[in-house]
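With the numbering used here applied, the sequence shown covers 40 to 427. Note that CB positions come from ideal geometry on N, CA and C, so glycine has one too. None of these values were measured; they are calculated from a predicted model.
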Amino acid sequence: MNHVFYFHIDLVYLFVNAVMLITFCVCGRNVSNNKSYIGNAFLCALIYSLCLGLRYGRGFDYFHYIDIYNYNLEETQVVFTQFNNFLKYIGVGEHYIFVVYNFIEMACSMVFLYPFRKYAYWVFPLFMMATRHLNEYTIRQGFAFSFVFLLLFFFFKYFNHLKKILKNVKFLLLFGTCLFVAYGIHSVAIITILWIISFAIFIKKPLPYLWTIIAFVLASYIFQNMFDFSVANNLLSFMASQDEKFSYYVENSDKWFTADSAADRYTRNPVVKIAETLGNISLFYWGYKVIVMRFSENRQVITLYNVFVTGSIFQKFFMNFEIINRVSSTGSLFWCIPLALVLHYRSDFRKSKYKILLYFLIWWSYEYLKYLFMCGDMCKFLWDTPYF
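Set out below in structure tokens:
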């Protein structure tokens with residue numbers, strides 16, 4: 040199904056999304072004020088699953104995953120297939136599987152966000168904005184990432200005891216289960232897991248903002264169209280051996296991994312690209328500053344910042360190449376964490392001579408506003424169809 044994106048106001052679509060955003064803001068405020076985390080997190084997961092899960096036709100793979108559900112088309116991903124078989128056994132209809140997927144995704148995400156409960160007023164709504172695209176447009180990858188979030192929660196919870204980790208049966212059981220499930224849903228999730236854990240173990244400080252800003256600008260304006268994909272053959276061959284879908288990509292490498300694979304929907308017009316660059320520069324800078332001032336010993340915050348920065352640079356490097364863009368986007372989505380911390384501690388920066396950079400953080404609302412007002416023909420819900 041070919042979708043067309045254009046400016047369009049659908050009052051029901053806006054109302055549903057407003058309900059979801061308000062829920063995350065109110066629940067986030069409640070949690071920040073020391074009210075029940077479990078109750079507010081559950082409400083967020085419930086509203087999220089209904090608002091996203093009851094969509095109809097939104098997401099490039101929406102109808103494909105209905106076919107996967109009906110005909111077990113992803114048999115190599117054993118966990119995903121068996122979970123779908125369980126849903127069929129208990130009578131979940133093909134159009135309602137997304138409600139289940141989205142509830143699990145946000146429930147696991149809320150566990151991951153627990154260490155940031157002090158900043159929930161900002162973290163909850165920003166996280167919803169950051170992960171919405173992943174869960175709607177890359178359905179199986181988003182579902183697998185639910186258990187990546189859960190794995191990261193357990194990993195950072197026990198991080199300070201890594202030397203004793205092999206003796207910690209509880210950790211090994213929790214970590215191993217999440218790893219198995221994430222890999223069994225979408226095997227490429229292992230790349231993101233290795234990426235984040237490697238950074239956590241080997242990089243103890245936030246990456247210097249001057250280097251990362253320069254790298255981002257070069258990736259955006261110079262190197263974006265200069266990469267020779269022939270050097271990636273070994274990596275692609277490995278991916279092909281691990282995942283049936285990547286095998287398809289490699290067989291069609293001329294389409295997916297060369298200049299012919301450029302996806303125009305990722306291309307920015309010059310004005311938007313400048314705004315994007317300024318928004319990233321601002322968050323690179325202020326994210327670094329807030330870590331140095333407030334979180335210099337917090338390895339989780341440092342790691343997520345570094346993953347966000349490198350993911351953003353890598354994504355710009357391959358901006359117009361669909362598959363590599365998808366993989367790198369799993370790192371860049373962590374922008375919500377440093378942004379929430381910067382907004383929470385923004386008063387610390389009012390006397391800075393670079394405080395004007397704070398205004399460029401408005402960029403991070405762009406994709407969400409585009410999602411609301413550039414929905415085109417993708418604003419339907421199940422109640423608009425005979426399937427409700």
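Tell whether a beta-carbon distance below 8 angstroms holds between residue i and residue j.
| i | j | result |
| --- | --- | --- |
| residue 104 | residue 414 | no |
| residue 159 | residue 67 | yes |
| residue 369 | residue 231 | yes |
| residue 59 | residue 167 | yes |
| residue 25 | residue 371 | There is no way to answer for residue 25, as the model of the chain reaches only from 40 to 427. |
| residue 3 | residue 138 | Here the chain comprises residues numbered 40 to 427, so residue 3 is not present and cannot be evaluated. |
| residue 98 | residue 176 | yes |
| residue 215 | residue 419 | no |
| residue 241 | residue 376 | no |
| residue 116 | residue 226 | yes |
| residue 396 | residue 344 | no |
| residue 347 | residue 341 | no |
How many whole angstroms separate the CB atoms of residue i and residue j, which I take to be in contact at a CB cut-off of 8 angstroms?
| i | j | result |
| --- | --- | --- |
| residue 239 | residue 186 | Wrong, their Cβ atoms sit about 17 angstroms apart, outside the cutoff. |
| residue 381 | residue 326 | 6 angstroms |
| residue 330 | residue 245 | 5 angstroms |
| residue 379 | residue 150 | Wrong, their Cβ atoms sit about 17 angstroms apart, outside the cutoff. |
| residue 355 | residue 258 | 4 angstroms |
| residue 224 | residue 183 | 4 angstroms |
Please state whether DSSP places residue i in a helix, a strand or coil.
| i | result |
| --- | --- |
| residue 68 | helix |
| residue 149 | helix |
| residue 94 | strand |
| residue 312 | helix |
| residue 252 | helix |
| residue 334 | coil |
| residue 116 | coil |
| residue 292 | Residue placement at residue 292 is flagged as unreliable, the pLDDT there being 48, under the threshold of 50; the coordinate-derived value follows with that caveat. Looking at residue 292 - three-state DSSP - the assignment turns out to be helix. |
| residue 143 | helix |
| residue 232 | helix |
| residue 73 | coil |
| residue 227 | coil |
| residue 187 | helix |
| residue 175 | helix |
Using the beta-carbon count (16 or more within 10 Å), is residue i buried or exposed?
| i | result |
| --- | --- |
| residue 40 | At residue 40 the pLDDT is 48, less than 50, meaning the model places this residue with poor confidence; the figure from the coordinates comes in the next sentence. Exposed, because fewer than 16 other Cβ atoms sit within 10 Å of the Cβ of residue 40. |
| residue 5 | This structure cannot speak to residue 5, because the chain is shown only from 40 to 427. |
| residue 200 | exposed |
| residue 349 | buried |
| residue 228 | buried |
| residue 243 | exposed |
| residue 336 | exposed |
| residue 121 | exposed |
| residue 114 | exposed |
| residue 394 | exposed |
**Item:** Continuous alpha helix (DSSP H) assignments of at least 4 residues falling wholly in the stretch 342-426
**Value:** 361-371, 375-383 and 405-412
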